[in-house]
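Only one structure is covered here, and it is reproduced in the block below.
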Amino acid sequence: MAKEKEETPQVSRRSTRYSLSNFNSNNGMETEKLNESCKTTLDNLFFGQEPISLEGLLSCFPGRRVQILEVLRHLGPINSSMPPMFIYGSASTGKTSVVLQIFRHLNRPFVYVSCLTCYSPRILFESILNQLLLHKKNAANGYSSAKKCEKPSDFINFLREALINVIDRFNGNSSKMSTSKSKGVQVNGRMIYLIFDSFELVREWDKSSTILPFLFGLADNLKMPEVGMIFISNTSPDMYHSSTGYIDPVPVYFPEYTEEELRQIFMINQVNRKLYSSFLDIVLRPFCRITRRVDELSTAISMLFKKYCEPLSDVGVVPNEEMKRKLFSHLQPHIAPALNEIFRVASHSSLESEANQETRRKGSGRKSVSCGDFDVIDFHMSTSAKYLLISAFLASRNPATLDASFFDSTGGSDGRKRKRKASEKTTGKKEAAEQELLMKGPGTFVLERLLAIFQCITSVGEDLLDEEEEGDDGLGVGGGRDGLMSDVLLQLSSLCSGNFIVKGASCPLEGSTRYRSTVSEELALKVARSIKFPLSKYLYRR
Amino acid sequence: MVRENGSAEEALNLLRSRLCNPNFIFKPLSNSPDNNYSKLKFLVSSSITEACNNSLLLLGPRGSGKIAVLELVLSDLLLEYPDTLSVIKLNGLLHSDDNCAFKEIARQLCMENQLLFSKMASFDDNSQFMIAMLRECGLAHKTIIFVLDEFDLFAQGKQRLLYSLLDAMQSVTSQAVVIGVSCRLDADQLLEKRVRSRFSHRKLLFLPPSMEDLQRLLEHVLSLPVESSLPHDYTVEFNGKLKNILADERFKEIINTYLESDSTVNCLLRFLFRAVSYMDLESGFLSLENFKTALSNIQRQPKQECIKDCSILELYILVSMKRLEVKEQNSYNFNSMMKEYKIIHDSFKTSDYYAKNVCLRAFEHLLKRELICFTDNRGYNQSIEFRAVKLLVSSVELHQGLKSYRSCPSILLKLMEH
């Protein structure tokens with residue numbers, strides 16, 4: 001069938017290169033695959049992969065033995081009903097993965113929804129119903145749900161019908177299997193479980209007036225002992241407030257990992273265990289003082305591990321005491337700066353530039369690696385956007401009354417403000433002013449002021465550029481400065497969406513919106529340095 | 001041995017399903033005279049037999065068994081008076097909106113009487129249908145019982161449903177009983193004047209059970225039935241061991257400690273479920289240890305757990321904020337906290353001094369753990385560093401958390417002690 005399609009492509013509309021290249025080879029097979037995957041069966045309610053044993057489950061999750069056993073005890077033997085369970089613990093403690101793997105081990109059917117992806121009640125209800133009614137959204141039904149369901153009253157009726165349907169089918173299947181004695185029989189039982197993940201987000205939905213007590217009381221309202229509910233949340237149950245109250249579910253607590261457990265986790269799947277273990281001896285304790293979350297630690301120490309292994313020619317070697325000491329002294333100067341960069345996720349270009357810097361510096365002895373990064377911004381901005389950013393920063397920092405003196409035709413303050421000797425009263429006032437700056441934050445400005453400052457400094461920038469005669473920037477400012485205005489307003493809106501500039505409340509008297517710049521002084525200095533703009537001349541220092 | 005394991009599992013399943021089934025729990029309470037079950041039954045059955053309208057409220061804290069007792073009464077009455085009774089159930093959480101409520105009433109009436117229900121029916125259609133059904137059922141001497149769960153939520157807003165229901169009962173020849181169930185003890189004070197005048201002020205209070213009732217309840221729930229599929233000797237031994245536990249002083253103490261925090265029946269059932277789930281399947285018997293572990297697992301201190309989860313940098317941030325509060329700074333934000341953090345570092349020369357971006361991230365972690373929160377709700381036009389924050393843990397809790405923290409820096413403890 002594919003061959004026929006190859007001979008007569010019949011491309012009447014414009015098509016992309018990708019679709020053309022795939023069109024001939026895959027088209028026949030794709031439609032067949034679509035038809036096969038259209039049908040969802042009852043098996044979709046199970047985990048779908050090979051079930052694992054209890055020992056496999058416990059070894060997968062070091063440090064979670066107590067919690068896994070507690071959840072298993074609460075779920076109980078097959079076909080036994082349970083009151084709702086509430087699993088809570090801070091982020092990245094393995095709640096979701098443990099629960100899903102437990103269901104893989106037990107091989108019982110479940111319906112999983114995350115309140116993060118289903119961000120409104122309607123999407124939540126429809127997602128649950130789709131899974132229970134074995135309905136898959138695809139092109140054939142226009143990516144719509146099986147039933148439109150917005151209100152909790154409709155949801156509970158549909159849910160009851162769908163659950164009764166599914167449980168009957170399970171009963172039918174199990175009786176069929178016991179009579180036919182087929183091989184590989186699944187021990188289904190009659191229970192089905194609903195798992196609500198990221199449940200703390202439900203509190204924001206309608207200020208928890210009805211949706212939260214409704215979901216907590218769903219088990220009671222349904223009055224079906226074959227349904228078990230599991231709620232997974234980041235926050236403890238005492239942070240859930242509701243004016244009318246609800247019946248508390250049974251809590252299960254997942255504490256954060258201790259250092260020993262973290263060590264066990266990081267040692268999983270390591271090729272060279274002794275080497276990695278000596279590395280963890282050095283690194284784990286200082287990093288654990290900042291955070292004990294697995295996701296943050298793993299990115300931070302993976303980079304360090306590469307550095308740790310640098311002097312080794314053979315990565316598979318087992319280190320003895322002397323080698324350990326050598327590696328430790330090699331790594332030690334990098335630890336302190338790495339601690340201050342622990343939460344930084346390096347972008348691709350900075351990783352490459354670091355690698356280049358390393359090769360250049362290898363011969364020049366020990367130097368701290370990260371000093372190069374401080375001067376360069378690692379994201380790209382157009383020149384006019386950079387000027388806008390600087391203008392916004394200046395507008396927020398400087399009080400409006402001083403604009404005239406800063407931006408007059410002589411091009412910036414020329415040190416006219418000579419500081420008199422500070423008396424006690426002025427130092428006190430200075431501290432109070434500093435305190436106010438700390439508390440209040442950057443000031444607001446109107447759009448006209450921003451554009452006025454922008455015009456002034458671009459003219460300054462023009463002069464500087466002309467002096468240096470660098471043609472490769474290609475600003476085009478000199479040509480049409482008026483032509484830049486529409487660009488500027490576009491840039492302004494993109495800076496707003498990038499959260500460099502934030503829209504504040506509008507002044508009730510004037511009615512114009514005020515903006516506020518959110519960049520720190522470091523970033524503004526970096527940006528100014530990249531376009532060679534003398535920022536410090538324009539900054540108002542108290 | 002294998003048979004014992006199987007019977008232990010069967011016993012466990014039996015106990016668990018009992019504890020999740022409210023009808024089973026409240027049955028023994030219906031045997032004694034002059035309690036809510038008999039009063040309710042008398043009221044409803046008299047209004048059925050005398051063919052009159054009635055309304056009453058069932059009030060009591062959550063989990064005291066109001067709906068369970070009501071279900072028992074209704075199921076008994078359905079057996080006694082078949083074909084003269086139909087039950088419509090509404091819930092305030094779901095049906096407080098009048099449109100929803102009438103649609104649900106119409107749907108349930110249609111289901112009861114095998115009529116076709118149209119989803120497109122308008123609000124007026126539904127309400128007229130309800131009034132018509134009331135009239136017809138009244139003429140045919142059938143009683144309709146309306147159960148309004150979460151009654152106080154129906155009493156919010158305009159109370160249109162309540163008014164039209166009670167008004168229809170008075171004006172049309174109908175036989176209806178309206179039973180409101182609420183956890184607010186002042187639910188009848190919420191009613192409007194015109195609704196209240198049509199509502200009879202009968203109230204049944206559901207109080208927490210007395211000690212004797214509790215004892216009977218425990219025995220009733222946890223003893224295995226003698227005539228079941230379980231082996232006889234096992235059952236007898238199980239019940240014997242159970243009697244010993246129930247008579248033990250320590251067990252009474254555990255139950256008392258638990259009931260001091262919440263004395264409703266439902267809460268006790270959650271505790272019993274936890275204890276039963278800890279039952280050792282190899283021996284197949286309940287032990288006092290099960291109850292002890294269940295108590296320690298259910299009574300948690302979430303804020304202490306949260307503090308134990310924090311890293312050392314996050315503890316520094318909390319202590320800096322505490323010191324700012326002690327210095328009577330009414331509002332402070334991340335920047336002022338950083339200043340205090342620097343002061344601590346300078347005066348005590350700690351080894352834990354980290355850069356601003358690291359502290360900001362730890363600050364965000366604390367926000368996520370809900371140990372601190374922003375004081376303003378709409379500060380979306382300010383960056384995180386400038387928004388005012390406050391602590392959500394008291395200084396006593398913080399101090400306790402620091403004391404039980406493993407390897408807490410002694411500087412923090414010293415700072416908290418001032």
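Chains as they are written, first to last, in UniProt numbering: chain A, 1 to 542; chain B, 1 to 418.
Where a beta carbon is used, it is the ideal one built from N, C-alpha and C, also for glycine.
So is residue i in contact with chain B if we call contact Cβ pairs under 8 Å?
i, result
"residue 288 (chain A)", "yes"
"residue 152 (chain A)", "yes"
"residue 171 (chain A)", "no"
"residue 531 (chain A)", "no"
"residue 369 (chain A)", "Annotation note: pLDDT 39 at residue 369 (chain A) (below 50); position unreliable, no value reported."
"residue 373 (chain A)", "Interpretation of residue 373 (chain A) is limited by its pLDDT of 49, a score under 50 that renders its predicted location unreliable; no figure is taken from the coordinates."
"residue 546 (chain A)", "As displayed, chain A neither begins before 1 nor continues past 542, which places residue 546 (chain A) out of reach and without an answer."
"residue 120 (chain A)", "no"
"residue 256 (chain A)", "yes"
"residue 36 (chain A)", "For residue 36 (chain A), the predicted structure reports a pLDDT of 48, less than 50, and the residue's modelled location is therefore unreliable. A value from the coordinates is still provided. False, the Cβ-Cβ gap to chain B never drops below 8 Å."
"residue 238 (chain A)", "yes"
"residue 513 (chain A)", "no"
"residue 114 (chain A)", "no"
Quick one, which of the options has its alpha-carbon nearest residue i's?
i, options, result
"residue 436 (chain A)", "B:339, B:364 and B:347", "B:339"
"residue 326 (chain A)", "A:524, A:343, A:282 and A:432", "A:282"
"residue 108 (chain A)", "A:44, A:219, A:517 and A:152", "A:44"
"residue 377 (chain A)", "A:528, A:307 and A:456", "A:528"
"residue 16 (chain B)", "B:222, B:245 and B:351", "B:222"
"residue 301 (chain B)", "B:366, B:282, B:252 and B:404", "B:404"
"residue 206 (chain B)", "B:176, B:248 and B:59", "B:59"
"residue 144 (chain B)", "B:166, B:35 and B:321", "B:166"
"residue 155 (chain B)", "B:128, B:196 and B:118", "B:196"
"residue 337 (chain A)", "B:9, B:409 and B:357", "B:357"
Is the CB of residue i under 8 Å away from at least one CB in chain A?
i, result
"residue 253 (chain B)", "no"
"residue 104 (chain B)", "yes"
"residue 1 (chain B)", "Only weak support exists for where residue 1 (chain B) lies, its pLDDT of 43 falling under 50; the coordinates are left without a value."
"residue 414 (chain B)", "no"
"residue 12 (chain B)", "yes"
"residue 386 (chain B)", "yes"
"residue 408 (chain B)", "no"
"residue 188 (chain B)", "no"
"residue 98 (chain B)", "no"
"residue 368 (chain B)", "yes"
Please classify residue i: is it buried, with 16 or more other beta-carbons within 10 angstroms of its beta-carbon, or exposed?
i, result
"residue 94 (chain A)", "buried"
"residue 268 (chain A)", "exposed"
"residue 386 (chain A)", "buried"
"residue 317 (chain A)", "exposed"
"residue 234 (chain A)", "buried"
"residue 431 (chain B)", "Outside the shown range of chain B (1 to 418) lies residue 431 (chain B), about which nothing can therefore be said."
"residue 331 (chain B)", "exposed"
"residue 143 (chain A)", "exposed"
"residue 219 (chain A)", "buried"
"residue 18 (chain B)", "buried"
"residue 541 (chain A)", "exposed"
"residue 299 (chain B)", "exposed"
Would the beta-carbon of residue i be found less than 7 Å away from any heavy atom of the ligand GDP?
i, result
"residue 344 (chain A)", "The ligand GDP is absent from the structure shown, which contains no ligands of any kind."
| said: Quick check for students: name the residue ranges of the alpha helix (DSSP H) that lie wholly in the UniProt domain "Orc1-like AAA ATPase" (61 to 218) of chain A, counting only runs of 4 or more. | reply: Whole alpha helix (DSSP H) segments, 4+ residues: 65 to 75, 95 to 106, 121 to 132, 152 to 180 and 211 to 216.
| Ordered list of alpha helix (DSSP H) runs contained in the stretch 239 to 276 of chain A, each at least 4 residues | 259 to 267
| query | Listed in chain order, which residues of the stretch 288 to 306 of chain B have Cβ atoms closer than 9 Å to some Cβ of chain A? | reply | 297, 298, 300, 302, 303, 305 and 306
| message | Extract the residue ranges of the alpha helix (DSSP H) inside the stretch 353 to 399 of chain B, only unbroken runs of 4 or more that lie entirely within it. | response | 356 to 369
| query | Can you list, in chain order, the residues of the stretch 336 to 362 of chain B whose Cβ is nearer than 8 Å to any Cβ on chain A? | reply | 336, 339, 352, 354, 355, 357, 358, 361 and 362
| message | So within the stretch 284 to 334 of chain B, which uninterrupted alpha helix (DSSP H) runs reach at least 4 residues, ignoring any that extend past its ends? | response | 288 to 298, 302 to 309 and 312 to 326
| query | At a Cβ cut of 8 Å, what residues of the stretch 64 to 81 of chain A count as close to chain B, listed as they run along the chain? | reply | 70, 73, 74, 76, 77, 79, 80 and 81
| task | Check distances from the C-beta atoms of the stretch 62 to 79 of chain B to those of chain A and list, in chain order, the residues that come in under 7 Å. | result | 62 and 63
| Listed in chain order, which residues of the stretch 255 to 279 of chain B have Cβ atoms closer than 7 Å to some Cβ of chain A? | 266, 270, 273, 274, 277 and 278
| field | Interface positions of the stretch 371 to 401 of chain A facing chain B (Cβ-Cβ less than 7 Å), listed along the chain | value | none
| said: If we require 3 or more residues per run, which beta strand (DSSP E) segments fall completely within the stretch 65 to 136 of chain B? | reply: 85 to 91
| request: Output the residue ranges of the beta strand (DSSP E) runs that lie fully inside the stretch 176 to 211 of chain B and measure 3 residues or longer, sorted by chain position. | output: 176 to 182 and 202 to 205
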